[in-house]
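These notes are about the structure you will find just below.
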């Protein structure tokens, strides 16, 4: 069998220590580096996905987590279960503010609709099956269609094993493909979340900042049928028995200790071209930050006097704030760096190399030119469609998706568009149900008015005539005109009601087309327009995929020629990153050094009794009385709260188990520092630091909250 490019890329020297989000199967190739950093285990043992410790690491579909007991108890970040806490909160029983603790299994409550726990069971290289000999000859939409057909066939074959969810993930710009098989646990229940004054202490003010004092931890539990199979929620279900679970370290970490994080990082962009860097930082991110800021302002205004609406949008607000601060932090770092010029110099060197006459490298030259031209076409289209995409009301999007689902359901399952197959139906049901606790008409109307006003203010030639015709957008509409138009939409829709939304799931396309509903009618009228837009996008995407894969093949060969390693960008698959507990010789603006640990003293120093720094009184009393228990660290004269490490993480790593040299749990990764989050694009070993909640603080706070049942379950107490 031919060697994977992942292996070939590691055949030379390796990346800088601490850098890289490594696939587990790559770890033996960096054994020397891992040992030098302090790993006590055999790196080869970490590659076995169905054995310890990898088998204990799970995905929540956007966050990472891990089994921490033999009874399916799952530890992750507070912000990763925030939506489930909000879903179960009411003005009369505000779990966000007060926290939640199930003292028994029967006290545990269902997580937000659609919540999942995914347990990875197998990963296989399927590159030759995704792009087979026939597909390799195709281009444009035909290529995309063939790739999708091959992926669907691989997924369907894999999902014959009932209760599993399979995906085919692309690596190195779609140069390689791996099939990931995961057990899909659908009965997920909320077990414990500390009060918001612990789990979100510091709020958006401290987000991405150091020093930090946030207890960003919470617990779910995985449930399965009595037969041990994946099953929807049922009172008859029982806790899942994982093959392996993590144990909590008896001793915490100290400065300099080895640590590694195992989780599911979302996306990094370290292999992007200079033109992509320029477009992102000079146009995309600035527009995103401005748009999110305005969105947050509108939500805040609309929910100011409506506690129920505030709870409904709490999770969305938290996500938008986090994302906005992340992007602004990247923009600030980019402005103060020479990143683009370095990227341009590196690409110029690559271009010179591929244009040389040696080793038949001229085959790469045309692809380098092609990818730049194609990326420019996509960038131009993204700019043109930016305001249009934002102008589509949420209920229009929902109606459009349900009508498309009905259309696709008339075809054999294998011929349906990916995302609209039988396997996707539970996701639609969960989304529709979830809207009961994340949708308010007053908020959506205000957001629609803001977005449509921006779109409608454009000259007619810059707008889309079909969208305008269907939605009733005309030249010269005033804000009052638009408001009246929006009011008419909501006055003539039933989609704000759960039963009306659910009913669409059972209808044929003809039945949906006959529904007398403003948003449904608009969705039906725009269906062919949407398909046309999609086809044009796929034609371009197919050409980009082909050229980008060739670009990455050239880059890998070029870096190998210089003796450099090439790890793949993160893509939401299981990765391992390693490093050490380490502060920083310099801070942000003040320039002061950063100590590697924060302590309980920092909580009392920040606590104001209100807003983002409203620490629970019971916690403050315990700190004042120096009730540290067995979690006191003498050198700190307190309990450690958060710690810094040189782990290479990104979004999606939230909730990742941070392990010591023996693979014992010592914390949960939950953040990075503001001036280092540009590492998604440009890794900087001097600045890059991850922030973890120390497991000693978790246990101290859980003891204070009376979670003795969970402490016993995790083996911390007898």
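Numbering (this note's numbering), first residue to last: 9 to 726. The beta carbon of each residue, even a glycine, is placed where N, CA and C say it ideally should be.
{"Check": "Following the continuous beta strand (DSSP E) through residue 648, name the residue where it begins and the one where it ends.", "Outcome": "648-653"}
{"Check": "What is the C-beta distance between residue 29 and residue 612, in whole angstroms, given that I count them as a contact (C-beta under 8 Å)?", "Outcome": "Contact flag wrong, Cβ pair sits at about 37 Å."}
{"Check": "In angstroms, rounded to a whole number, what distance separates the CA positions of residue 219 and residue 506?", "Outcome": "44 Å"}
{"Check": "Can you check which of these residues, 358, 38, 41 and 46, is closest to residue 671 by C-alpha distance?", "Outcome": "46"}
{"Check": "Using the C-alpha atoms, what's the distance from residue 222 back to residue 606?", "Outcome": "10 Å"}
{"Check": "Using only alpha-carbon positions, find the residue among 40, 82, 39 and 27 that is nearest to residue 719.", "Outcome": "82"}
{"Check": "Going by beta-carbon coordinates alone, are residue 192 and residue 171 separated by less than 8 Å?", "Outcome": "yes"}
{"Check": "Would DSSP call residue 76 helix, strand or coil?", "Outcome": "coil"}
{"Check": "Once the 5 residues before and after residue 126 are set aside, which same chain residues still bring their CB inside 8 Å of it?", "Outcome": "66, 67, 68, 69, 173, 190, 191, 192 and 193"}
{"Check": "Once the 5 residues before and after residue 338 are set aside, which same chain residues still bring their CB inside 8 Å of it?", "Outcome": "289, 293, 685, 686, 688 and 689"}
{"Check": "Once the 5 residues before and after residue 162 are set aside, which same chain residues still bring their CB inside 8 Å of it?", "Outcome": "134, 137, 138, 174, 176 and 187"}
{"Check": "Count the CB pairs spanning the stretch 326-333 and the stretch 291-309 that are closer than 8 Å, and state whether there are at least three.", "Outcome": "yes"}
{"Check": "Relative to the C-alpha of residue 550, which residue among 383, 235 and 628 is closest?", "Outcome": "383"}
{"Check": "Tell me, please, which residues DSSP counts as bridged to residue 30.", "Outcome": "584"}
{"Check": "Can you name the residues that DSSP bridges to residue 108?", "Outcome": "201"}
{"Check": "Three or more C-beta pairs closer than 8 Å, one from the stretch 482-499 and one from the stretch 438-445: is that the case here?", "Outcome": "no"}
{"Check": "Taking the beta strand (DSSP E) that residue 129 belongs to, which residues open and close that run?", "Outcome": "125-133"}
{"Check": "Just checking my contact of residue 226 with residue 232 at CB under 8 Å: how many whole Å lie between their CB atoms?", "Outcome": "No, residue 226 and residue 232 are not in contact; Cβ-Cβ is about 21 Å, not under 8 Å."}
{"Check": "Residues in the same chain with beta-carbon distance under 7 Å from residue 284, minus the five sequence neighbours each way, listed in chain order, please.", "Outcome": "383"}
{"Check": "Answer yes or no: do residue 72 and residue 248 have a C-beta to C-beta separation smaller than 8 Å?", "Outcome": "no"}
{"Check": "Quick one: what does DSSP say residue 261 is sitting in, helix, strand or coil?", "Outcome": "coil"}
{"Check": "Across which residues does DSSP place residue 193 in a beta bridge pair?", "Outcome": "125"}
{"Check": "What three-state label does DSSP hand residue 676 in the structure shown?", "Outcome": "strand"}
{"Check": "If the criterion is Cβ atoms closer than 8 Å, does the pair residue 698 and residue 655 meet it?", "Outcome": "yes"}
{"Check": "Could you please give the first and the last residue of the uninterrupted alpha helix (DSSP H) stretch that includes residue 479?", "Outcome": "473-479"}
{"Check": "My output table needs one value for residue 159: the three-state DSSP class, helix, strand or coil.", "Outcome": "helix"}
{"Check": "For residue 1, is the classification buried or exposed, using 16 other Cβ atoms within 10 angstroms of its Cβ as the cut-off for buried?", "Outcome": "There is no way to answer for residue 1, as the model of the chain reaches only from 9 to 726."}
{"Check": "By the three-class DSSP mapping on this structure, what secondary structure does residue 70 have?", "Outcome": "coil"}
{"Check": "I need the DSSP call for residue 307, collapsed to helix, strand or coil.", "Outcome": "helix"}
{"Check": "Quickly, what does DSSP pair residue 233 with across the bridge? List them, please.", "Outcome": "Answer by DSSP bridge pairing: none, since residue 233 is not bridged."}
{"Check": "Which partner residues does residue 174 have in the DSSP bridge list?", "Outcome": "189"}
{"Check": "May I ask you to list the residues that DSSP assigns as paired with residue 731?", "Outcome": "Missing from the structure shown is residue 731; the chain here goes from 9 to 726 and no further."}
{"Check": "For residue 114, write down the residues that DSSP places opposite it in a beta bridge.", "Outcome": "In DSSP, residue 114 forms no bridge with anything."}
{"Check": "For residue 287, which residues from the same chain have a beta carbon less than 7 Å from its beta carbon, with the 5 sequence-adjacent residues on both sides left out?", "Outcome": "387"}
{"Check": "Would you decide whether residue 594 is buried or exposed? Buried here means 16 or more other CB atoms lie within 10 Å of its CB.", "Outcome": "exposed"}
{"Check": "Whole angstroms is fine: what's the gap from residue 470's alpha carbon to residue 91's?", "Outcome": "38 Å"}
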